[in-house]
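Engineer: So for the sequence shown, our numbering puts the first residue at 1; every next one is plus one.
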Amino acid sequence: MIEVERLGKKYGTRAAVRDVSFVVQPGEVVGLIGLNGAGKTTTLQSIAGIIRPDEGSVRIAGVDLATHPVAAKQELAFLADEPEFFEYMTVEEHLLLAMKLYGTQVSTDADPLATFGLHEMRSQFPNELSRGMRQKLAMACVLWRSPKALVFDEPLTGLDPVGIRDTKEVIRAHAARGAAVLLSSHLLHLVQELCSRVIVLDGGRVVGEHEVAALGRRVEEPLERLFVALTGGVVDP
Ligand code: ATP
Numbered sequence: 001m002i003e004v005e006r007l008g009k010k011y012g013t014r015a016a017v018r019d020v021s022f023v024v025q026p027g028e029v030v031g032l033i034g035l036n037g038a039g040k041t042t043t044l045q046s047i048a049g050i051i052r053p054d055e056g057s058v059r060i061a062g063v064d065l066a067t068h069p070v071a072a073k074q075e076l077a078f079l080a081d082e083p084e085f086f087e088y089m090t091v092e093e094h095l096l097l098a099m100k101l102y103g104t105q106v107s108t109d110a111d112p113l114a115t116f117g118l119h120e121m122r123s124q125f126p127n128e129l130s131r132g133m134r135q136k137l138a139m140a141c142v143l144w145r146s147p148k149a150l151v152f153d154e155p156l157t158g159l160d161p162v163g164i165r166d167t168k169e170v171i172r173a174h175a176a177r178g179a180a181v182l183l184s185s186h187l188l189h190l191v192q193e194l195c196s197r198v199i200v201l202d203g204g205r206v207v208g209e210h211e212v213a214a215l216g217r218r219v220e221e222p223l224e225r226l227f228v229a230l231t232g233g234v235v236d237p
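1. In angstroms with no decimal places, state the Cα-to-Cα distance between alanine 229 and glutamate 211.
2. Can threonine 42 be considered in contact with the ligand ATP, in the sense that its beta carbon sits closer than 7 Å to one or more heavy atoms?
3. What residues match up with serine 57 in a beta bridge as DSSP calls it?
4. Can you tell me whether lysine 136 is buried or exposed? The criterion is at least 16 other CB atoms within 10 Å of its CB, across all chains shown.
5. Could you check which residue in Glu84, Ala16, Leu79 and Val24 has the C-alpha nearest to that of arginine 59?
6. Check the DSSP bridge columns for serine 184 and list the partner residues they point to.
7. Give the straight-line distance between the Cα atoms of tyrosine 11 and glutamate 55, rounded to the nearest whole angstrom.
8. Quick one: residues in its chain with C-beta nearer than 7 Å to the C-beta of threonine 108, no 5 flanking neighbours on either side, listed in chain order?
9. Looking at the strands, I want to know which residues DSSP matches up with alanine 72.
10. Check whether the segment 173-193 touches the segment 25-41, counting contact only when three or more Cβ pairs, one atom from each stretch, lie closer than 8 Å.
11. If contacts are defined as beta-carbon pairs under 8 Å, then leucine 76 and valine 162 qualify, I think. What distance do you get, rounded to the angstrom?
12. Here's the rule: buried if 16 or more other CB atoms are within 10 angstroms of the residue's CB, otherwise exposed. What is aspartate 160?
13. For the segment 142-149 against the segment 60-79, are there 3 or more C-beta pairs whose distance is under 8 Å?
14. DSSP three-state call for lysine 148: helix, strand or coil?
15. Please go through the same chain and pick out, in chain order, the residues whose beta-carbon is closer than 6 Å to the beta-carbon of leucine 248, but skip the five residues on each side of it.
16. Tell me whether the beta-carbon of leucine 190 lies closer than 8 Å to the beta-carbon of glycine 208.
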């Protein structure tokens, strides 16, 4: 569903991502983890078509992003780590704009604002919303189409426990109906809980790809130990 092949991106002479390849299958939730500056956002933004990679290819639901960008993006939802909004547009106007851009009108029997608990806030402006509500607005704007591929950059960071629970539920629900989900996070215990597989980036390269179930039964420690080992830290004996 999400296919990344030999992705490479340089900023000036510095390589941010090198030779990155992986696949996320329908129904899978895969975590992209790595130290600050490892290349996670560069990888996710390349998949979302926000930045143009120098090398390699991305296919979304079998459609090549470089040659058919509009068709590929029709199948994709991207959630940035800090979603940005238009200050002078209400919650409802943001959703209407998102729908208009994709050529669809609001359906009364499936109101995405109600789905994300935003119905009461439909006349409010983004700067009047909490971080969790802004996150929900961003999700409502990209998920109403039920896209086949979800790419989320740090979707759980900065949320309170209820926001984390709600976001996890949204991610699980989309995966359960067959969407491929790729997310980055530094919150390893949540990655371990939510993802079936992790891809570890270090210095812009993939240094490990592991099934979470194979890491061990204790919740946080196995992934933390793997992370530290793969990213050059010292592992306690
Ligand atoms: P973090 O966990 O801190 O969000 P990350 O894994 O998402 O980090 P990236 O943001 O992809 O890492 O950055 C990868 C490398 O590319 C870093 O060395 C970063 O300094 C560099 N980089 C990212 N964006 C730019 C840019 N616009 N111009 C120049 N260098 C950049």
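C-beta: ideal position from N, C-alpha, C; glycine also. All of these numbers come straight from a predicted model, not from anything done at the bench.
Structural biologist: Reading off the structure:
1. 16 Å
2. yes
3. Glu5
4. buried
5. Val24
6. Leu32 and Asp153
7. Spanning the two alpha carbons is a distance of roughly 13 Å.
8. Any answer about threonine 108 is weak, because its pLDDT of 46 lies below 50 and its placement is not dependable; what the coordinates show is given next. Within the same chain, threonine 108 has no close Cβ partners at all.
9. Alanine 72 pairs with nothing; no bridge assigned.
10. Short answer: they touch.
11. Leucine 76 to valine 162, Cβ: 27 Å. No contact.
12. exposed
13. Three or more beta-carbon pairs separated by less than 8 Å link the segment 142-149 to the segment 60-79, which places the two stretches in contact.
14. coil
15. Any property of residue 248 remains undetermined from this structure, which presents the chain solely from 1 to 237.
16. Going by C-beta atoms, leucine 190 is not nearer than 8 Å to glycine 208.
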